Structure formats: C-alpha cells, structure tokens
Amino acid sequence: MINYQPLFDIMQSHEPLAVWAEQLPAQLEERFADYLHGNLQNWLETIDNLPKLAADKVDLNTGLISVSSETPLSPEQQHTLKQQLLTLSPWRKGPYNLHGVHIETEWRSDWKWDRLEPHIAPLKGRKVLDIGCGSGYHCWRMAGAGAELVIGLDPSQLFLAQFLTVKHFFGKQWPVHFIPLGVEAIPAELSAFDTVFSMGVLYHRRSPIDHLLELKGALSPGGELVLDTLIIDGAEGESLVPKGRYSKMRNVWFIPTAATLVGWMERCGYTNVRVVDTNVTTTEEQHATEWMTFESLNDYLDPNDSTKTVEGYPAPKRAVVIANRP
Ligand SMILES: C[S@@+](CC[C@H](N)C(=O)[O-])C[C@H]1O[C@@H](n2cnc3c(N)ncnc32)[C@H](O)[C@@H]1O
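Terminal number for the sequence shown in numbering that gives the first Met the number 0: 325, no gaps in between.
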C-alpha cells in the first residue's frame with residue numbers, strides 16, 4: 000500500500016535505529032491489519048492523482064511553508080488542486096502553501112515553532128523524532144533547520160495521508176518520514192535520537208511519568224527533549240486531573256503546573272530542565288477555517304468568561320520545557 004522500504008533502508012544504516020528497523024515492518028503490518036481508516040484507500044488514490052509538479056522553490060524556513068514551480072498553475076488548475084486537497088480535511092496543523100493553494104489550518108503551528116525555536120539546540124546534522132507529529136508541519140520546519148533525519152510518529156491515518164500529500168509536492172529528497180504508529184511502537188531504550196519532540200501528547204497519556212521515561216529512552220546520551228504540554232497555574236506538586244472532559248476533549252488526563260512538570264522530569268532523571276515558554280492559547284492561534292470546519296477553541300471556552308473552559312477549568316495554557324538525557 001505504502002512503500003516503506005526507503006525508510007527501512009535509512010534506519011538500517013543509522014546504527015541504533017537498525018534495532019527498530021528490524022521490528023518496524025511487522026509493527027506496520029499488524030497496525031494496518033488491525034485498523035484501516037475507512038477513507039484511507041480513497042485518500043491514497045487522491046494522492047496518486049495529484050499533479051506531478053516541479054518543486055523549483057521550497058521554503059521550509061518561514062511560517063507559511065511553501066512549494067512552487069517556475070511555471071505557476073493556472074487559476075483553474077489551482078481550483079482543481081484545492082478541491083483535491085479539501086477531500087483530506089480536516090487540516091489541523093499547518094499552514095502550507097502548495098503551488099498557490101493556501102491551506103489555512105485550524106492551528107497556526109508556526110507560532111509554537113517560533114516560541115520554541117530560539118531555545119533548542121541547533122538541529123543541523125541531528126537525528127530527530129517528532130512524537131505525535133500531526134500532519135508533520137513541524138517535521139518540515141526541522142528539516143528546514145538542517146536536521147539530517149526527521150521521523151514523525153503519529154497513529155492517525157488522516158495525518159499520514161496529509162503528510163504524504165505534502166511530501167508528494169516537496170519531493171522525496173527531503174529526509175522527512177512519517178511512521179503511522181503510536182509512541183508505544185518505539186523499542187525501549189533505543190537511545191537513537193539527538194532531539195526528541197513531544198508536543199501536545201503528554202496530557203493525552205494516562206501515565207505521564209511513563210511517557211517521560213519512554214521519551215528519555217528514545218534519546219541518545221546527551222540528547223535533548225523538547226516538550227510542549229498543557230499546564231495550569233499553581234505550586235509545585237499540584238496538577239489537574241479533569242473529572243470528565245477538558246475543553247470538550249475526553250482524553251485529557253494530567254495537567255500539571257510548570258513546577259510540577261519540572262519536578263516530574265527531574266525525578267525521571269533529566270538534567271538541565273528549564274521552562275522556556277508559557278503561553279495562553281488564543282483564538283487567533285486556534286480557530287475554525289475553511290479547511291477545518293468543526294468546533295474549535297472558541298467553542299471550548301466559557302462564552303461569559305474566556306479564562307475558563309466550558310467545563311469551568313482554567314482555559315488552555317501551554318508550556319515548552321527543554322531538558323537533556325544525561
Ligand atoms: C494535540 S496534537 C499535537 C500535534 C503536534 N505535535 C503539535 O504540537 O501541533 C496530538 C497528536 O498526538 C497524536 N497521538 C495520539 N495518540 C498518540 C500516541 N499513542 N502516540 C503518538 N501520538 C499520538 C494525535 O494523533 C495528534 O496528532
């Protein structure tokens with residue numbers, strides 16, 4: 000269905016990753032046997048039918064990452080392309096501009112990147128893993144920053160299809176790959192990546208400490224973790240476990256204070272743990288668009304008090320925390 004051989008070959012040639020390369024074919028086979036999204040086949044056909052255009056100019060270093068060719072598409076061709084891309088909706092993470100079609104995603108994922116990028120170790124030449132990568136927007140930014148190898152991991156087959164669409168246009172020469180599996184698929188103590196990103200994942204894990212430990216195991220010694228997650232205001236030791244939904248999401252488990260999170264990370268053996276950014280999410284950063292027409296942040300907040308969610312919890316606030324594996 001999807002040819003993963005090039006990725007297996009690359010992983011075989013990067014020593015610690017070879018361990019995963021041994022297991023990955025069976026993991027993928029099992030996943031696709033267990034779960035196939037009802038639309039995956041249609042999405043893959045759409046991707047097959049996308050126009051094959053020269054990627055003369057690729058820009059991965061500005062917020063609106065883009066590709067264009069010297070001969071621009073006519074308005075009719077752009078219209079057709081837009082209709083093809085809309086069949087892969089909802090587009091949540093971006094934005095992208097593909098040959099003049101601006102995919103205005105639900106999230107301004109570039110704003111998160113801008114907040115963390117000044118604080119991370121330069122990615123040039125590094126092997127990078129992005130856990131819960133969504134459509135892969137940040138993976139392309141990592142490649143733009145010079146990473147030698149970028150692997151995005153996300154179990155969503157819609158996001159897989161969106162990633163393959165973007166890759167179709169940006170070109171196979173970029174060292175950016177997507178594994179459609181969850182974090183559970185990473186072999187324990189792989190010790191393979193120079194930088195591991197886990198952004199927007201920790202609060203979805205029932206056991207945040209185990210997540211922090213599995214991230215540490217994926218890092219090579221001295222490697223850097225870049226963690227983005229929801230936080231609440233408050234003292235060390237405090238965290239919120241919502242009684243039911245949080246911001247209408249069913250699967251939110253632990254929302255610590257920044258100090259609690261730092262404590263968890265130190266307890267897990269990380270060094271140099273530092274909070275480099277905290278930020279209350281705004282409806283400018285997350286909102287419904289033509290490309291994501293469902294409910295968004297505006298619908299998750301109390302209409303009479305935007306500092307609270309509809310459930311009465313503190314409105315979404317996020318922290319970026321950076322740390323090292325010793
Ligand atoms: C809130 S989004 C964050 C996307 C992106 N990292 C960002 O920061 O914009 C969480 C992502 O985690 C993915 N996810 C859910 N379960 C996961 C798992 N077990 N392992 C890895 N990713 C998972 C979801 O599909 C989703 O794309």
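By construction, the Cβ of each residue, glycine as well, lies at the ideal position given by its N, Cα and C atoms. Quantities reported herein were computed from a predicted structural model and do not represent experimental measurements.
Burial check for Arg273: the Cβ neighbour count within 10 Å stays below 16, so the residue is exposed. Taking 7 Å as the cut-off, the beta carbon of Ala142 is found closer than this to the beta carbon of Val175. Its chain contains Ala258, Thr259 and Gly262 as the residues whose beta carbon lies nearer than 6 Å to that of Glu235, once the 5 sequence neighbours on both sides are disregarded; these appear in chain order. Thr308 has its alpha-carbon roughly 18 Å from the corresponding atom of Trp106.
Leu229 places its beta carbon less than 7 Å from that of Tyr202. With fewer than 16 other CB atoms across the displayed protein chains lying within 10 angstroms of its CB, Thr61 is exposed.
Excluding five sequence positions before and after Gly124, the CB atoms of its chain that fall closer than 6 Å to its own CB belong to Glu147, given in chain order.
Judged by the Cβ position, Ser12 fails to qualify as a neighbour of ligand 1 at the 6 Å threshold, every heavy atom of the ligand being at least this far. A residue is called buried when at least 16 other Cβ atoms come within 10 angstroms of its Cβ; Asp193 meets this threshold and is buried. In the DSSP assignment, Asn278 forms a beta bridge with Arg317.
Beta-bridge partners of Leu180 (DSSP): none assigned. In the DSSP annotation of this structure, Val195 is not part of any alpha helix (DSSP H); the continuous beta strand (DSSP E) holding it starts and ends at Phe192 to Met198. Not one heavy atom of ligand 1 falls within 6 Å of the beta-carbon of Ser206.
The three-state reading of DSSP puts Arg30 in helix, counting H, G and I together. Around the C-beta of Met198, 16 or more other C-beta atoms lie within 10 Å, and the residue is accordingly described as buried.
Selection Glu116, His118 and Leu85 evaluated against His101 yields Leu85 as nearest (Cα-Cα). Its chain contains Asp301 as the residues whose beta carbon lies nearer than 8 Å to that of Gly311, once the 5 sequence neighbours on both sides are disregarded; these appear in chain order.
Put simply, of Leu59, Ile208, Gly133 and Glu237 the residue whose alpha carbon is nearest the alpha carbon of Arg266 is Ile208.
The C-alpha of Lys242 is placed about 50 Å away from the C-alpha of Lys51. Put simply, the backbone Cα of Leu72 is about 11 Å away from that of Ala53. Residue range Gln4 to Ser12 is occupied by the alpha helix (DSSP H) that includes Ser12. The C-alpha of Gly222 is placed about 26 Å away from the C-alpha of Phe162.
In the structure shown, the three-state DSSP call for Glu223 is strand.
Within the same chain, and ignoring the five residues on either side of Thr45 in sequence, the residues whose Cβ sits closer than 6 Å to its Cβ are Gln83 and Thr86.
Counting along the chain, Ile102 sits inside the beta strand (DSSP E) bounded by residues Val100 to Ile102.
Contact between Val240 and Leu214 does not hold, since the beta-carbon distance rounds to 21 Å and is not under 8 Å. Of the candidates Leu43, Arg324, Ala32 and Lys316, the residue whose Cα lies closest to the Cα of Thr270 is Arg324. Distance from the C-beta of Asp153 to the nearest heavy atom of ligand 1 is below 6 Å. For Ser67, the enclosing beta strand (DSSP E) begins and ends at Ile64 to Ser67.
In this structure, Val200 has its CB closer than 6 Å to one or more heavy atoms of ligand 1.
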